[in-house]
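In my numbering, the protein residues as written are 11 to 338.
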């Protein structure tokens, strides 16, 4: 599906323009064209090459998922790969997990083309803002429209960070209240993996925006570079928060293993005490079970009670001694 929006100085804002209008807008320096492609067909993808004369390799990159954000300079335009993040409910794990969506952007002097295979919240938010106040978002050039898109994409990281902050707080509470279930460890591992993936995309995303500020003097106006640097600062802060989450999870995991080890040691301790206390009974039973011919106690009227009393007495004495030594 293709959505196209045209802003031209001194003219009415247009939405849903034709292909001919797109071609005409590219020749006008005082206009700005935004074309959004969501789950495009092969024909719609091919139109990118025909209308905008994009390099086939750049278009091919749109069709193949990239593992990391990047920015390529094609002289007449920039090809940018960004990643949006969101929380999606995992039916199998019965919890919310991190999900990323790739957003590809072609940024030229008087046009922005966005390409994504699934709906992206950032694009929906930007579209709503553009339709409400087109002069504000499209009346200051392609660089500021690009800034609006990337800035919203980065702002949408905050709800994800808040969600993981809450998850980690819940894990800490479960650990220290000893209320964590059998899935406690798997939950920590899953959250740790999500935070790792978040850190893995934030760093190259910051480098991508940095690349734009250093290499796009012909595209980004000097007075607007500070806005892109502000995005870099925001990404640095996001990475710092994610790094803090990573350290908290590492400490939480270490505390969990320490608690599990302590609990296991307590179990082994009680099993050892039980085995030690039953040892006198085993020894006495072994002695009187040897069946020697001359054993006076075998013919004694109270021999059975004596053996029980001897076993019990030794066990009780050992128990009192362990208590006195504060081993129990």
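Where a beta carbon is used, it is the ideal one built from N, C-alpha and C, also for glycine.
Within the continuous alpha helix (DSSP H) that includes residue 372, where are the two ends? No answer is possible for residue 372: the residues shown for the chain start at 11 and end at 338.
Compare the C-alpha of residue 174 against each of 206, 186, 149 and name the closest. Residue 206 holds the alpha-carbon nearest to the alpha-carbon of residue 174 among 206, 186, 149.
Residue 261, buried or exposed, once every other Cβ within 10 Å from all chains shown has been counted against 16: exposed
So, is residue 60 buried or exposed, given that buried needs 16 or more other C-beta atoms within 10 angstroms? exposed
Starting from the C-beta of residue 252, find all residues in its chain whose C-beta is less than 7 Å away, skip the five residues before and the five after it, and write them out in chain order. 205, 208, 209, 212
Which partner residues of residue 98 appear in the DSSP bridge assignment? 107
Would the segment 119 to 128 count as touching the segment 43 to 53 if we require 3 or more Cβ pairs under 8 Å? Yes, since at least three Cβ pairs between the segment 119 to 128 and the segment 43 to 53 fall closer than 8 Å, the two stretches touch.
Buried or exposed by the 16-neighbour rule on C-beta atoms within 10 Å, applied to residue 118: Counting Cβ neighbours within 10 Å, residue 118 comes out buried, since at least 16 surround it.
Once DSSP output is grouped into helix, strand and coil, what is the label at residue 18? strand
Do you know how far the Cα of residue 336 is from the Cα of residue 314? 33 Å
Enumerate in chain order the residues of its own chain whose CB-to-CB distance from residue 33 is below 8 Å, with the five nearest sequence positions on each side excluded. 61
Spatial neighbours of residue 265 within its chain, please: C-beta separation below 7 Å, excluding the five flanking residues on both sides. 185
When you compare only the Cα positions, how much space is there between residue 168 and residue 244? 10 Å
If we count Cβ pairs, one from each stretch, closer than 8 Å, do we get three or more for the segment 275 to 285 versus the segment 193 to 203? no
Beta strand (DSSP E) containing residue 126: first to last residue? 121 to 126
DSSP state of residue 116, grouped into three classes? Note: residue 116 maps to strand in three-state DSSP.
Whose C-beta lies closer than 8 Å to the C-beta of residue 133 among residues of the same chain, with five residues either side of it excluded? 46, 48, 113, 124, 126, 159
Quick one: grab the DSSP three-state call for residue 89. strand
So, at 7 Å on beta carbons, what are the nonlocal neighbours of residue 329 in its own chain, with the 5 sequence-adjacent residues on each side left out? So the list reads 287, once near-sequence residues are dropped.
Hey, residue 223 and residue 241: beta-carbon distance below 7 Å or not? no
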